[in-house]
Amino acid sequence: MTSRVRSPLIFGLLTLVAWQVIVMAADIPEYLLPAPSAIFANVDRTLVIQLAVTFVEALIGFLIASALAFGCAIMFVRFNTLEEGLFPIAIAVKTTPIVAVAPLLVIWLGTGWWSKIVAVILICFFPVLVNAVKGLKAADAEYRELFQTLGASRAQEFRKLRIPYCLPYLFSALKISSSLAVVGAIVGEFVGATQGLGYLIMVSSAHLETATLFAAIAAAALAGILMFYVIGWTEERVVFWHSGNME
Amino acid sequence: MNAIALAAQLEATTLFQPDLVTIENLQVRFGDVVAVESLDFTVRRGEFVSLLGPSGCGKSTLLRAIARLVPVANGRVSLRDPKLRIGFMFQKPLLLPWRTTLDNVLLPVEIQLGGSVVDQTDHARARRLLDMVQLGDFVDAYPHQLSGGMQQRAALARALMGDPDVLLLDEPFGALDELTREVLNEELIQIWQSRETRLHTILMVTHSIPEAVTMSDRVIVLTERPARLIEDVEVGCPRPRTPDDPRAVSVMKHIRAMVRGRR
Numbered sequence: 027m028t029s030r031v032r033s034p035l036i037f038g039l040l041t042l043v044a045w046q047v048i049v050m051a052a053d054i055p056e057y058l059l060p061a062p063s064a065i066f067a068n069v070d071r072t073l074v075i076q077l078a079v080t081f082v083e084a085l086i087g088f089l090i091a092s093a094l095a096f097g098c099a100i101m102f103v104r105f106n107t108l109e110e111g112l113f114p115i116a117i118a119v120k121t122t123p124i125v126a127v128a129p130l131l132v133i134w135l136g137t138g139w140w141s142k143i144v145a146v147i148l149i150c151f152f153p154v155l156v157n158a159v160k161g162l163k164a165a166d167a168e169y170r171e172l173f174q175t176l177g178a179s180r181a182q183e184f185r186k187l188r189i190p191y192c193l194p195y196l197f198s199a200l201k202i203s204s205s206l207a208v209v210g211a212i213v214g215e216f217v218g219a220t221q222g223l224g225y226l227i228m229v230s231s232a233h234l235e236t237a238t239l240f241a242a243i244a245a246a247a248l249a250g251i252l253m254f255y256v257i258g259w260t261e262e263r264v265v266f267w268h269s270g271n272m273e
Numbered sequence: 653m654n655a656i657a658l659a660a661q662l663e664a665t666t667l668f669q670p671d672l673v674t675i676e677n678l679q680v681r682f683g684d685v686v687a688v689e690s691l692d693f694t695v696r697r698g699e700f701v702s703l704l705g706p707s708g709c710g711k712s713t714l715l716r717a718i719a720r721l722v723p724v725a726n727g728r729v730s731l732r733d734p735k736l737r738i739g740f741m742f743q744k745p746l747l748l749p750w751r752t753t754l755d756n757v758l759l760p761v762e763i764q765l766g767g768s769v770v771d772q773t774d775h776a777r778a779r780r781l782l783d784m785v786q787l788g789d790f791v792d793a794y795p796h797q798l799s800g801g802m803q804q805r806a807a808l809a810r811a812l813m814g815d816p817d818v819l820l821l822d823e824p825f826g827a828l829d830e831l832t833r834e835v836l837n838e839e840l841i842q843i844w845q846s847r848e849t850r851l852h853t854i855l856m857v858t859h860s861i862p863e864a865v866t867m868s869d870r871v872i873v874l875t876e877r878p879a880r881l882i883e884d885v886e887v888g889c890p891r892p893r894t895p896d897d898p899r900a901v902s903v904m905k906h907i908r909a910m911v912r913g914r915r
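Read top to bottom, the protein sequences are chains A and B. Read in order, the letters of the first sequence correspond to residues 27 to 273 in this note's numbering. Read in order, the letters of the second sequence correspond to residues 653 to 915 in this note's numbering.
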């Protein structure tokens, strides 16, 4: 195990031990701050199922949003008028808080999967769109001149130059939106759901089951981290030729 | 002597070389700024011609106008045959960082082919060109693994892969250190003189008088912006040349005096 993995693991364990000791020594009631042991006792099949529900909602929404946003970015860069006309509208929609829109989604789409998936799409779409547009325009003018001298068509310029050039920008955005995806799914579940981590958080806080609440929070964090690492892992393989951040 | 050999010999003498590129009364503008003003010159088949002028004088713009990368405001750039293939080499290598050296060199063929797949013949030719520019051992390397000089060699191989009749060079080795630049200049001359590629005609932009004189048959000396013609100088020294060749030195002195006199 490399020290990059080992050190945070050791410090994490130490924190948990200290937490446990303090809670036990000070005799803090469980509804205020449950000890780690009490939280771990709440990790059961139900929690795993709720985590899976939220993760799947987040993942589906994330994939749809990413594909849509990238497609839109290509159209925006290809047809300037589209960008001029639609980009300000996109920004206006983006500034509307998702929490404010979520109840409307439940009215329109019900308490099932789709209201959550659409919430995820709404929250993930814009970071990807903005960065992809930026990335598609990022290739130096000289690169475009090179393609011109080689007699490349617009389609070839996109396929062989602009899209690969955009990938580092795209992955930067995907990493941001992957963590946002979990937020979107949970917000959707807060408003109206019968399952998922958001639902579990609402129910357990209403019943003052703080240990369950903590377990759900930890699971939500885990979902976000998992998404982030999957993207990071893919990025290292796809954009192997690039180092550093592109935002 | 058979007919083919005779034809080859005729081809080698300048007298029989037709004009490949003709520039007539050319004006190029950047918005309100005139970059090139009423310029006339020709480039004959088989010639190595340099465009010499101070930095920012509009000579790169002129080269871009010949390559149809920037529009011509007035006058004409005409090619002897509209099907003539023009290669362009930029000051930066402009290699695609996600492609290996070999795949970068194959880019012009891929673009020409459109959808169809690059075949074994093209692969073999790309490898030969990479051998020619001394990159035979770096076929599978990525650009970030190559030095600046090697990247520019790969860019040269890529330019040759398009099988150009005329190669336009925009200060091709200007970003490199002087030692590397000299070596690459010599290699460029060797490639130009060899019969391995179709390439016989080169038009190069430079701001270095020694470089222009040691490399070219003719030096077209330009003023500061807007670029106008000062003189079209025939170098006329036998090859191979060195920068300290007395005849070359006198041509350099002549050009330097002319450029200074203009200021």
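By construction, the Cβ of each residue, glycine as well, lies at the ideal position given by its N, Cα and C atoms.
By the Cβ rule, the stretch 213-227 of chain A does not count as touching the stretch 178-185 of chain A, because fewer than three pairs are nearer than 8 Å. No Cβ of chain A is located within less than 8 Å of the beta carbon of Gly826 (chain B). A direct Cα-to-Cα measurement between Ala827 (chain B) and Ser768 (chain B) gives close to 36 Å.
Taking a Cβ-Cβ cut-off of 9 Å, the neighbours of Pro190 (chain A) in chain B comprise Leu748, Pro749, Trp750 and Arg751, given in sequence order.
Between Phe740 (chain B) and chain A, the shortest Cβ-Cβ separation is below 8 Å. Identification of chain B residues near Leu85 (chain A) by a Cβ-Cβ cut-off of 8 Å yields none; the smallest Cβ-Cβ distance measures about 27 Å. Here Val695 (chain B) is near Val673 (chain B), since their CB atoms are less than 8 Å apart. Under the Cβ distance rule, Ile907 (chain B) does not count among the residues neighbouring chain A, no pair being separated by less than 8 Å. Between the stretch 759-776 of chain B and the stretch 794-801 of chain B there are fewer than three C-beta pairs closer than 8 Å, too few to call the two in contact.
The beta carbon of Pro706 (chain B) is closer than 7 Å to those of His859 and Glu876 in its chain, skipping five residues each way along the sequence. Between Arg810 (chain B) and Pro749 (chain B), the CB-CB gap reaches or exceeds 8 Å. The DSSP-derived three-state label of Val74 (chain A) is helix. Asn157 (chain A) is bridged by DSSP to nothing; it lacks a bridge partner. Closest in C-alpha terms to Lys186 (chain A), from the list B:Ala776, B:Gly801 and B:Ile763, comes B:Ile763. Relative to Arg870 (chain B), the option among B:Leu819, B:Val911, B:Pro878 and B:Phe700 whose CA is nearest is B:Phe700. Under the Cβ distance rule, Ala52 (chain A) does not count among the residues neighbouring chain B, no pair being separated by less than 8 Å. Under the three-state reduction of DSSP, Ile227 (chain A) is assigned to helix.
Chain-order list of chain A residues neighbouring Leu821 (chain B): empty, with the shortest C-beta distance near 12 Å, by a criterion of under 8 Å. Its chain contains Pro194 as the residues whose beta carbon lies nearer than 6 Å to that of His268 (chain A), once the 5 sequence neighbours on both sides are disregarded; these appear in chain order.
Across the stretch 169-193 of chain A, CB contacts with chain B closer than 9 Å involve Tyr169, Glu171, Leu172, Phe173, Gln174, Thr175, Leu176, Gly177, Ala178, Ser179, Gln182, Lys186, Leu187, Pro190, Tyr191 and Leu193, in sequence order along the chain.
Given a length threshold of 4 residues, each whole run of the alpha helix (DSSP H) inside the stretch 798-831 of chain B is given here in chain order: 800-813.
Within the stretch 210-234 of chain A, no residue has its Cβ closer than 8 Å to any Cβ of chain B. Of the candidates B:Asp817, B:Leu831 and B:Val785, the residue whose Cα lies closest to the Cα of Arg805 (chain B) is B:Val785.
A check of alpha carbon separations from Cys150 (chain A) across A:Ala158, A:Glu110 and A:Ile202 identifies A:Ile202 as the nearest. Annotation: Arg188 (chain A) to Phe105 (chain A) spans about 14 Å, alpha carbon to alpha carbon. Residue state for Ala249 (chain A) is assigned as helix, using DSSP reduced to three classes. Boundaries of the alpha helix (DSSP H) harbouring Val217 (chain A): Ile189 to Val217, taken from the DSSP string. About 6 Å separates the beta carbons of Glu83 (chain A) and Ile143 (chain A), which is inside the 8 Å limit, making them a contact pair. If you draw a straight line from the Cα of Glu261 (chain A) to the Cα of Phe197 (chain A), it comes to about 6 Å. For the 8 Å CB-CB criterion, Val217 (chain A) and Val132 (chain A) form a contact. Distance from the CA of Asp789 (chain B) to the CA of Asp815 (chain B), rounded to the nearest whole angstrom, comes to 22 Å.
Going by DSSP, Phe66 (chain A) is part of the alpha helix (DSSP H) stretching over Pro62 to Ala67. Of all residues in the stretch 849-878 of chain B, none has a C-beta nearer than 8 Å to a C-beta of chain A. With a threshold of 8 Å between beta carbons, Lys711 (chain B) makes no contact with chain A. With its beta carbon at least 8 Å from every one in chain B, Trp134 (chain A) lies outside the interface. At a cut-off of 8 Å between beta-carbon atoms, Ala900 (chain B) makes no contact with chain A.
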